[in-house]
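Visitor: Here you go, one structure.
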Amino acid sequence: MTETRRVAIVTGAARGIGAATARRLAADGLAVALLDLDEAGAKEVAASIVADGGSALGLAADISDAAQVSAAVARVASELGAPTVLVNNAGVTRDNLVFKMTEQDWDLVLTVHLRGAFLMTREVQKHMVEAKWGRIVNLSSTSALGNRGQANYAAAKAGMQGFTKTIAIELGRYNVTANSIAPGFIATEMTRATADRLGRDFDEYAAERAKAIPVGRPGQPEDIAHTVSFLVSEGAGFVSGQVIYVAGGPKA
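Quick note on the numbering used here: the sequence shown kicks off at 37 and runs consecutively.
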């Protein structure tokens with residue numbers, strides 16, 4: 037009997053870590069749905085996957101909106117098949133020192149990261165439970181350990197780790213694993229925005245950050261995609277509830 041192809045959903049997949057992850061999972065043989073507020077970006081990455089011989093679908097969705105999440109997951113199930121792999125990658129930053137941080141910037145970051153991951157997981161886990169197989173990977177960050185100017189982001193990324201460990205406990209009986217990846221410094225548009233906020237040239241900023249990284253270089257989106265690939269594989273079925281720091285060192 038031919039094994040049914042797995043279907044994955046990657047949020048925040050129009051660029052950066054999300055796009056690299058979607059491309060890697062497609063190369064691994066999964067059908068991939070790319071969700072992002074940037075519909076054109078998601079469709080562009082999906083088209084490149086299809087051009088390379090993969091199966092992909094780009095969709096616009098605000099993952100903090102329950103109705104949009106439900107509609108998007110239903111469309112994925114209809115067009116690609118029941119999703120049993122979920123990568124909660126979508127995120128935003130609104131950095132500032134806590135005494136200058138607005139309530140709106142606090143709420144936006146917590147909403148996108150935590151509410152978004154919750155809504156996506158709640159919707160997709162139904163398909164995993166039915167299939168009695170599933171893989172959930174949530175993107176945390178080394179900022180979960182604390183980072184000046186990121187009280188909102190650090191709180192969200194620490195919360196992602198607690199969320200991961202809890203759903204690992206709740207869904208394990210259905211052969212569903214849940215793990216979290218905490219990237220260190222990765223060269224993406226988001227970290228370029230951080231350099232811009234600090235008034236720094238990105239290449240100089242990245243080189244400076246690399247000096248503190250034991251392996252001596254910034255991370256690339258593909259470094260995270262490789263780790264996702266392992267965690268969603270058949271062979272990772274006994275790895276669950278873990279936080280893996282992919283940071284070029286113990287904490288970087």
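We put the CB at the ideal spot given by N, CA and C, even for glycine.
Measure the C-alpha to C-alpha separation of Val148 and Ser216 and round it to an integer number of angstroms.
Guide: Reading the sequence shown from its first residue, position 112 is the one you call residue 148. Reading the sequence shown from its first residue, position 180 is the one you call residue 216. Answer to the nearest angstrom: the Cα atoms are 16 Å apart.
Visitor: By a C-beta neighbour count over all protein chains shown, 10 Å radius and 16 as the cutoff for buried, is Ala76 buried or exposed?
Guide: Within the sequence shown, residue 76 is the residue found at index 40, counting from 1. The residue is exposed, with fewer than 16 neighbouring Cβ atoms inside 10 Å.
Visitor: Could you tell me which of Leu66, Ala187 and Ala113 sits nearest to Leu133, measuring between CA atoms?
Guide: By 1-based counting over the sequence shown, the position of residue 133 is 97. Comparing Cα-Cα distances from Leu133 to each of Leu66, Ala187 and Ala113, the minimum goes to Ala187.
Visitor: Can Ile192 and Leu146 be called in contact, C-beta distance under 7 Å?
Guide: As a working note, residue 192 is residue 156 in the sequence shown. As a working note, residue 146 is residue 110 in the sequence shown. According to the sequence shown, residue 192 is Ala rather than Ile. A contact, by the Cβ cut-off of 7 Å.
Visitor: Trp34 to Arg151, Cα distance in whole Å?
Guide: The structure shown does not extend to residue 34, since the chain is modelled only from 37 through 288, so no value can be given for it.
Visitor: Just to confirm before moving on: does the CB-CB distance between Asp109 and Glu166 stay below 7 Å?
Guide: Taking the first residue of the sequence shown as position 1, residue 109 is located at position 73. Taking the first residue of the sequence shown as position 1, residue 166 is located at position 130. The sequence as given places Val at residue 109; Asp does not occur at that position. No, the pair does not count as a contact, with Cβ atoms beyond the cut-off.
Visitor: According to DSSP, simplified to helix, strand and coil, what is Gly170?
Guide: In the sequence shown, counting from the first residue as 1, residue 170 sits at position 134. Strand, per DSSP.
Visitor: Between which two residues does the alpha helix (DSSP H) harbouring Tyr189 extend?
Guide: As a first step, residue 189 must be located in the sequence shown, where it is residue number 153. Start and end: Ala187 to Leu207.
Visitor: Using a 10 Å radius around the Cβ and a threshold of 16 neighbouring Cβ atoms, would you call Gln140 buried or exposed?
Guide: Position 104 of the sequence shown, counted from the start, is the residue given in the question as residue 140. Flag for Gln140 reads exposed.
Visitor: How would you label Ala87, buried or exposed, when you count the other beta carbons within 10 angstroms and need 16 or more for buried?
Guide: In the sequence shown, the residue the question calls residue 87 occupies position 51. Flag for Ala87 reads exposed.
Visitor: Is it buried or exposed for Ile85, if we count other Cβ within 10 angstroms and need 16 for buried?
Guide: Your numbering for residue 85 matches position 49 in the sequence shown. Ile85 is buried by the Cβ-count criterion.
Visitor: Quick check: Thr129 and Val264, are their CB atoms within less than 7 Å of each other?
Guide: Walking along the sequence shown from the start, residue 129 turns up at place 93. Walking along the sequence shown from the start, residue 264 turns up at place 228. Going by C-beta atoms, Thr129 is not nearer than 7 Å to Val264.
Visitor: Just how far apart, CA to CA, sit Ile260 and Val173?
Guide: The residue you call residue 260 lines up with position 224 of the sequence shown. The residue you call residue 173 lines up with position 137 of the sequence shown. Whole-angstrom Cα-Cα distance: 11 Å.
Visitor: If we call anything under 7 Å between Cβ atoms a contact, is Ala97 one with Ala62?
Guide: Start at 1 with the first residue of the sequence shown, and residue 97 comes out as number 61. Start at 1 with the first residue of the sequence shown, and residue 62 comes out as number 26. For Ala97 and Ala62, no; Cβs fall outside 7 Å.
Visitor: What span of residues does the alpha helix (DSSP H) with Gly54 cover, start to end?
Guide: Numbered from 1 along the sequence shown, position 18 holds the residue referred to as residue 54. Note, Gly54: alpha helix (DSSP H), Gly52 to Ala63.
Visitor: Classify Pro286 as helix, strand or coil using the three-state DSSP reduction.
Guide: Here residue 286 corresponds to residue number 250 of the sequence shown, with the count starting at 1. The answer is coil: DSSP assigns Pro286 none of H, G, I, E or B.
Visitor: Apart from the five residues on each side of it in sequence, which residues of its chain come closer than 8 Å, Cβ to Cβ, to Val251?
Guide: Walking along the sequence shown from the start, residue 251 turns up at place 215. Gly284 and Gly285.
Visitor: When DSSP builds the beta bridges, which residues end up paired with Asp72?
Guide: If you number the sequence shown from 1, residue 72 lands on position 36. In DSSP, Asp72 forms a bridge with Ala96.
Visitor: Quick check: what's the CA-CA separation for Thr157 versus Leu122?
Guide: Residue 157 sits at position 121 when you count from the first residue of the sequence shown. Residue 122 sits at position 86 when you count from the first residue of the sequence shown. If I take the Cα positions, the gap works out to 7 Å.
Visitor: From what residue to what residue does the beta strand (DSSP E) around Ala214 run?
Guide: As a position in the sequence shown, residue 214 is number 178, starting the count at 1. Its beta strand (DSSP E) spans residues Val212 to Pro219.
Visitor: Between which two residues does the beta strand (DSSP E) holding Leu122 run?
Guide: Here residue 122 refers to the residue found at position 86 of the sequence shown. Residues Val121 to Asn124.
Visitor: Run the proximity test for Glu244: is its beta-carbon closer than 6 Å to any non-hydrogen atom belonging to the ligand NAP?
Guide: Because no ligand of any kind appears in the structure shown, any question about the ligand NAP cannot be addressed here.
Visitor: Decide if Leu207 is buried, meaning its Cβ has at least 16 other Cβ atoms within 10 Å, or exposed.
Guide: Stepping through the sequence shown from its first residue, residue 207 is reached at position 171. Counting the other CB atoms within 10 Å of its CB gives Leu207 a total of 16 or more, which places it among the buried residues.
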